[in-house]
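Number of protein chains: 2
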Amino acid sequence: MRDPADTPMPRRRRRKPAAGEDPAKRAQILDGAREVFARLGFDAASMNDITRESGVSKSTIYVYFASKEDLFEALLAQTRERLLGEITAELDRPGSVAEVLGRYGRHLARTICSENVISAHRTVIGVTERRPELGRRFYQDGGRRGMEALRSYLLRQIAAGTLSIGDPELAAYQFVELSMAGLFRRRVMAHMDREPEDAEIDRTVDAAVAMFLASYGTGKGAGGAEI
Amino acid sequence: MRDPADTPMPRRRRRKPAAGEDPAKRAQILDGAREVFARLGFDAASMNDITRESGVSKSTIYVYFASKEDLFEALLAQTRERLLGEITAELDRPGSVAEVLGRYGRHLARTICSENVISAHRTVIGVTERRPELGRRFYQDGGRRGMEALRSYLLRQIAAGTLSIGDPELAAYQFVELSMAGLFRRRVMAHMDREPEDAEIDRTVDAAVAMFLASYGTGKGAGGAEI
DNA sequence: AAAGAATCGAACCGATCGGTTCGATGTTGC
DNA sequence: GCAACATCGAACCGATCGGTTCGATTCTTT
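These protein sequence lines map, in sequence, to chains V and C.
For the first sequence, the working numbering gives the first residue as 1, with consecutive numbering after it.
For the second sequence, the working numbering gives the first residue as 228, with consecutive numbering after it.
Put into structure tokens, the structure is as follows:
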């Protein structure tokens with residue numbers, strides 16, 4: 001049970017926020033909602049559950065969010081923001097293609113197979129049939145953006161002559177899926193009920209890089225031989 | 228609205244079934260339930276919805292199934308039975324490795340990205356957090372079995388010298404994911420809201436086979452050059 | 001046609017749902 | 001300390017939920 005006094009204060013507020021404008025209170029609601037939606041999914045989660053979990057009165061929650069769906073969408077938006085920044089940053093760091101792809105793949109696999117992200121996927125996928133735009137937006141602002149960044153990186157390597165790829169978009173999809181081969185699908189279906197160990201991720205991503213370079217590497221500076 | 232008179236009779240019944248034992252009535256309930264669960268997911272689907280959709284009285288449904296969950300699990304069991312038989316049969320048909328993998332990959336991609344299977348995945352994934360054994364069982368009787376059959380096939384090709392693979396299990400995961408690269412994930416998140424065209428599947432699977440053989444083919448009879 | 005039994009469907013039950021109301025309480029600024 | 005206002009939490013609303021009851025209807029067998 002969350003004690004409002006424990007909510008970290010980002011900094012001293014200059015004045016008392018208007019009703020529904022307190023960022024700390026808003027965050028408190030979202031934190032509670034995240035727990036409940038993650039555990040029960042959208043439909044089975046009740047606003048009474050969220051009231052209890054967040055420690056915020058239901059009438060206050062309705063000051064901050066217009067409806068259960070509004071709250072859910074705000075939570076999805078927040079979750080998406082946090083997924084991709086660091087992963088794609090790996091593509092901007094120096095190194096051979098093998099090194100860069102290895103780091104990207106590891107970071108990707110670790111993040112996407114983490115407990116929070118798996119829960120988020122389950123929650124979103126669970127409502128996608130009824131609310132396809134939610135699934136679409138989640139994908140577009142998450143996986144899609146990461147894939148686009150990778151494609152751009154591949155285009156640069158093609159221009160530099162280190163890779164030879166006829167279809168860069170498909171190659172980007174391929175590398176993403178190879179990096180999570182045997183991991184994500186089993187995670188999301190609870191066939192693997194814990195986060196993968198580093199060794200498992202290494203095994204998968206190293207093999208992905210090797211396969212990728214065997215197929216697309218030109219042998220000029222891609223660094224495949226250094227695996 | 229389903230008219231019981233339209234229910235196809237498998238054959239003339241020799242005697243009147245006892246209450247709850249009529250296969251036609253049972254199928255009618257499951258058909259209606261499939262529609263409703265697919266559209267709304269488990270939690271938002273109501274038994275009243277299923278009554279209306281199936282055209283079977285609610286009290287009769289409760290003669291056949293003990294609860295909403297019982298009905299859902301029966302439906303999942305039925306869905307699983309239908310997923311894998313034909314796909315894995317592709318592995319038993321003659322042809323070079325490239326041909327066999329191509330056919331398997333195409334069949335896999337077409338099936339897994341079909342409307343019914345995408346809906347089933349969404350429904351199952353949506354409840355997996357709360358009922359992990361359902362997700363696990365769905366995966367185990369579906370994807371897992373297909374993966375095992377592929378792994379066995381790969382082992383045979385390794386023994387025959389057409390493939391050289393250090394980690395056959397991981398290679399099987401890789402081929403499965405490559406066959407659906409850019410397809411399944413976008414489908415399940417509604418980023419692609421229709422079934423992939425044959426040309427799209429061919430593009431993906433042909434590239435998967437090429438990549439796979441570039442990495443693991445020995446050049447002895449795998450048939451990669453014929454792509 | 002009569003008997004037996006499966007099924008139907010309206011009504012019901014207690015519980016919960018999303019959302020609303022409003023007096024009481026707590027917090028902040030002056 | 002007081003006034004203003006954010007928040008609280010109990011109570012409420014109409015609706016729906018999963019599941020049950022039971023007389024009426026339908027179907028099959030003799």
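Idealized CB from N, CA, C, for every residue including glycine.
Boundaries (first-last residue) of the alpha helix (DSSP H) holding residue i
{"i": "histidine 418 of chain C", "result": "Segment: none, histidine 418 of chain C is in no alpha helix (DSSP H) and carries neither H nor E."}
{"i": "threonine 162 of chain V", "result": "Looking at the DSSP string, threonine 162 of chain V is not in any alpha helix (DSSP H), and its letter there is neither H nor E."}
{"i": "glutamate 326 of chain C", "result": "324-339"}
{"i": "glutamate 73 of chain V", "result": "68-81"}
{"i": "glutamate 396 of chain C", "result": "395-406"}
{"i": "phenylalanine 439 of chain C", "result": "425-443"}
{"i": "glycine 312 of chain C", "result": "312-316"}
{"i": "glycine 369 of chain C", "result": "Here glycine 369 of chain C belongs to no alpha helix (DSSP H), and DSSP marks it neither H nor E."}
{"i": "valine 283 of chain C", "result": "Segment: none, valine 283 of chain C is in no alpha helix (DSSP H) and carries neither H nor E."}
{"i": "alanine 19 of chain V", "result": "Segment: none, alanine 19 of chain V is in no alpha helix (DSSP H) and carries neither H nor E."}
{"i": "serine 193 of chain C", "result": "The first residue shown for chain C is 228 and the last is 454, placing residue 193 of chain C beyond what the model contains."}
Sequence-distant residues of its chain with Cβ nearer than 8 Å to residue i (five each side left out)
{"i": "serine 286 of chain C", "result": "none"}
{"i": "aspartate 276 of chain C", "result": "Val263 and Leu267"}
{"i": "glycine 362 of chain C", "result": "Val351, Ile352, Val354 and Thr355"}
{"i": "glycine 369 of chain C", "result": "Arg307, Leu310 and Leu311"}
{"i": "serine 114 of chain V", "result": "Glu195"}
{"i": "methionine 47 of chain V", "result": "Lys58, Ile61 and Lys68"}
{"i": "threonine 445 of chain C", "result": "Gly388, Thr389, Leu390 and Ser391"}
{"i": "alanine 435 of chain C", "result": "Leu328, Gly332, Phe402, Leu405, Ser406 and Ala408"}
Interface residues of chain V facing residue i [CB-CB closer than 9 Å]
{"i": "aspartate 420 of chain C", "result": "Pro132 and Arg136"}
{"i": "glutamine 367 of chain C", "result": "Met189 and His191"}
Residues near residue i in its chain [Cβ-Cβ closer than 7 Å; skip 5 each side]
{"i": "valine 205 of chain V", "result": "Gly102, Gly105, Arg106, Ala109 and Ser179"}
{"i": "histidine 348 of chain C", "result": "Val415"}
{"i": "isoleucine 165 of chain V", "result": "Leu154, Ile158, Ala171 and Tyr216"}
{"i": "arginine 238 of chain C", "result": "Because the pLDDT of arginine 238 of chain C is 38, which lies under 50, any placement of that residue in the model is unreliable, and the question is left without a value."}
{"i": "arginine 261 of chain C", "result": "Leu302"}
{"i": "leucine 91 of chain V", "result": "Val100, Tyr104, Ala149, Leu150 and Tyr153"}
{"i": "isoleucine 339 of chain C", "result": "Met407 and Phe411"}
{"i": "alanine 38 of chain V", "result": "Ser119 and Thr123"}
{"i": "glutamate 169 of chain V", "result": "Arg151"}
Per-residue contacts from residue i into chain C (C-beta, under 8 Å)
{"i": "isoleucine 125 of chain V", "result": "His348, Arg349, Ile352, Gly353, Val415 and Met416"}
{"i": "serine 215 of chain V", "result": "Ala437, Met438, Ala441 and Ser442"}
Under 8 Å from the C-beta of residue i: neighbouring residues of chain V
{"i": "serine 294 of chain C", "result": "Result: empty, since nearest Cβ-Cβ is about 15 Å, beyond 8 Å."}
Beta-carbon contacts of residue i that lie in its chain and below 6 Å, excluding the five residues immediately before and after
{"i": "lysine 447 of chain C", "result": "Gly388 and Thr389"}
{"i": "alanine 246 of chain C", "result": "Val290"}
{"i": "glycine 146 of chain V", "result": "Leu84, Ile87 and Thr88"}
{"i": "phenylalanine 65 of chain V", "result": "Leu71"}
{"i": "aspartate 6 of chain V", "result": "Summary for aspartate 6 of chain V: the model assigns pLDDT 38, below 50, so the residue's position carries little reliability; its value from the coordinates is reported in the next sentence. So the list is empty, once near-sequence residues are dropped."}
{"i": "glutamate 177 of chain V", "result": "none"}
Closer than 7 Å at the beta carbon, the chain C residues around residue i
{"i": "aspartate 43 of chain V", "result": "Gly268, Asp270 and Ala271"}
{"i": "arginine 185 of chain V", "result": "Gly370"}
{"i": "tyrosine 173 of chain V", "result": "Ala408 and Gly409"}
For the stretch 374-396 of chain C, enumerate the residues whose C-beta is nearer than 8 Å to any C-beta of chain V, in chain order. Asp394 and Glu396
Please list the residues of the stretch 285-319 of chain C that have a C-beta atom closer than 7 Å to any C-beta atom in chain V, keeping them in chain order. none
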